[in-house]
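J.:
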Amino acid sequence: MDAVDEFFDGVFAPLDAWLPELTERLVRELRQGRLTGAQLAALVEPDAHRILDAVDRPLYGAGYCASELVVSEGNPLAWWQGPERSLLASSTFGPGQAAIDLVRLEWYRVPEATGERHIAGPFVDYLCSNEITITSSIPVMHDGRFLGVICADVLVASLENALLPRLSGGADVTLVNAGGRVVVSSDAGYETGDRLPAADRRAEGSARSVSSRRYPFSLIARA
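Note that my numbering gives residue 102 to position 102 of the sequence shown, counting from 1, and the numbers run on in steps of one.
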């Protein structure tokens with residue numbers, strides 16, 4: 001489990017470093033009034049690129065999603081992704097009533113409700129990558145006001161490459177989230193997104209289970 005904790009410590013580290021800097025800039029800008037989406041993108045872009053250029057974790061996307069206290073018009077999501085570092089152009093997905101409101105997505109609404117960092121997924125990220133994704137997010141707060149979240153995405157395919165060789169050790173291992181959904185597994189019987197049966201999550205028989213103390217994951221290994 002140490003490898004899992006170490007991996008996500010490394011995902012959160014650049015976000016933790018960015019948080020006070022971004023908060024200070026936002027507070028300074030907001031003294032002049034709320035921002036447009038274009039102004040927000042210009043403010044965030046250098047730092048988002050710097051995070052994505054880090055080489056110690058396979059980040060796919062990074063950026064900041066502002067609350068209504070910050071952005072008056074335009075796109076509240078300043079987000080860059082992929083090898084080409086493309087700016088995501090839209091804050092909604094789908095037409096009319098099918099549109100996804102950003103504030104309803106787990107990576108936004110849970111930090112808003114709890115004031116705590118959060119890891120969402122695995123989920124198919126129809127808004128950004130169209131890939132199965134894990135999103136790590138931290139709330140941006142100032143004087144008790146919620147200003148949005150800063151986030152980083154890791155594709156599950158990249159997570160598999162980074163973690164499974166370190167976790168397996170000759171055994172079949174399955175990493176599950178707090179809801180019992182498979183994140184990654186070396187067991188051919190499980191795929192990402194499968195719900196692991198309760199008996200398996202209790203690690204009966206020859207299996208053993210260990211849970212992270214910092215993140216919402218458990219690792220189940222079978223000899």
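For each residue, glycine too, the CB sits at the ideal point set by N, CA and C.
This one's a predicted model, so the numbers in the text were calculated from it and none came from an experiment.
Provide the residue span of the beta strand (DSSP E) that contains Leu77, from first to last.
T.: Segment Leu77 to Gln81, the beta strand (DSSP E) holding Leu77.
J.: Going by the beta-carbon positions, is the gap between Val103 and Ala78 smaller than 8 Å?
T.: The answer is no: Cβ separation not under 8 Å.
J.: Measuring only the C-alpha atoms, how far is Cys128 from Ala48?
T.: If you take the alpha carbons of Cys128 and Ala48, they lie about 15 Å apart.
J.: Starting from Met141, follow its DSSP beta bridges and name the residues at the other end.
T.: DSSP output for Met141 lists Phe146 as bridge partner(s).
J.: Which residues bound the beta strand (DSSP E) around Asn177?
T.: Residues Asp172 to Asn177.
J.: Between Ile138 and Leu19, which are expected to be in contact by the criterion C-beta below 8 Å, what is the C-beta distance as a whole number of angstroms?
T.: Right, their Cβ atoms sit about 6 Å apart.
J.: Relative to the C-alpha of Asp9, which residue among Arg222, Ala221 and Ser212 is closest?
T.: The candidate whose alpha carbon is nearest that of Asp9 is Ser212.
J.: So the candidates are Gly144, Leu105 and Asp53; which of them puts its Cα closest to the Cα of Tyr126?
T.: Looking at the Cα atoms, Leu105 is the closest of the given residues.
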